[in-house]
Structures are given as structure tokens and as C-alpha cells.
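In terms of the working numbering, the sequence shown opens at residue 17 and continues consecutively.
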Amino acid sequence: MIQPQTHLNVANNSGAQKLMCIRIIGTSNRQYANISDVIVVVIKEAVPNMPLEISEVIRAVIIRTCKELKRDNGMIIRYDDNAAVIIDQEGNPKGTRIFGVIVQELRQLNFTKIVSLAPEVL
């Protein structure tokens, strides 16, 4: 469960390293975001000499959360960190690589480009 002011790791090679959630895209008064939700974030740490800079406001999709994800078949998936992938307005990732595993629910929500770049899908 990601809420405003939550810090996240970046799971792609776009140049940013740490993000902070500002807003959850969707309904107006939604308090928490889960895996596969789009959020508005600000970059807190970035690699020098990259296109993304500190304090830049961008969009990202959540791919890992510490809060468990329950599936219909009874499986529970939990990660060690909160992580997101930086995307553009069309939903395509800005980086060319994805680090770590992701869940297969992203495929159903038209994030197929992120799924194809990931090394492993659970």
C-alpha cells in the first residue's frame, strides 16, 4: 500500500534512483495505491548526467510493494521493497531494462512493454 510521501526504489535504468509518491492517479480521494497503479512521483535521488533530474515530477507504475498481494487462487505474493517503473504519458517505460521480478497482473492492464522487459514474471 503506497500513499503520498512514501519513498520508492526505481526498478529500471532511466537514471533515477529514489522516488517519492505525490499523488495517486484515479479517483479524487483515493488513499492507497497497490501494484499496477499509476502514481505521480518526484525524483529524490538521480544518477548524474542522465535525462532525469532531481525534483522532476513524473509518472510511475508500481511493480512491487511490501504489502502482500492476494490472488484468487489463494497465492500471496510479498516483496522486500516498494519499487516503481518510470513511464511516459502513453504508459511506455522510459528505461530500457527492468530490474527484479514483477507480477503477471501488469499484463492484463496493458503494461505489456514492462512485462516484456522484465527478467522474470510471477
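Even for Gly, the Cβ is constructed at its ideal location relative to N, Cα and C.
In this text the structure is predicted, and so the values were computed from the model without any measurement.
Q.
Give the list of continuous beta strand (DSSP E) stretches no shorter than 3 residues that lie fully inside the region 68–95.
A. Listed in chain order, they are 73–80.
Q | Beta-carbon proximity list for Glu61, same chain, < 6 Å, skipping 5 on both sides | A | These residues qualify, in order along the chain: Gln33, Lys34.
Q) Applying the criterion that 16 or more other CB atoms from any shown protein chain within 10 Å of the CB defines a buried residue, is Ser71 buried or exposed? A) Ser71 should be labelled exposed.
Q: Report the partner residues of Lys34 according to the DSSP bridge assignment.
A: Asn25, Glu61, per the DSSP bridge assignment.
**Q.** Exposure of Cys82, with buried meaning 16 or more beta-carbon neighbours within 10 Å
**A.** Counting C-beta atoms within 10 angstroms of its own C-beta, Cys82 has fewer than 16 neighbours from the protein chains shown and is therefore classed as exposed.
Q) What is the DSSP secondary structure of Val119, counted as helix, strand or coil? A) Judged by DSSP in its simplified three-state form, Val119 adopts coil rather than helix or strand.
Q: Quickly, what does DSSP pair Arg39 with across the bridge? List them, please.
A: Answer is Val56.
Q) In this structure, does DSSP put Ile102 in helix, strand or coil? A) Secondary structure at Ile102: strand, using DSSP grouped into helix, strand and coil.
Q: Tell me whether the beta-carbon of Val57 lies closer than 8 Å to the beta-carbon of Ile40.
A: No, Cβ-Cβ distance for Val57 and Ile40 is not below 8 Å.
**Q.** Bridge partners - Ala49, DSSP secondary structure assignment
**A.** Bridge partners of Ala49: Ile18.
Q: Note down the Cα distance separating Asn65 from Ser44, rounded to an integer number of angstroms.
A: C-alpha separation (whole angstroms): 36 Å.
**Q.** DSSP bridge partner residues for Val131 (one or two, in chain order)
**A.** For Val131, no pairing in a beta bridge is given by DSSP.
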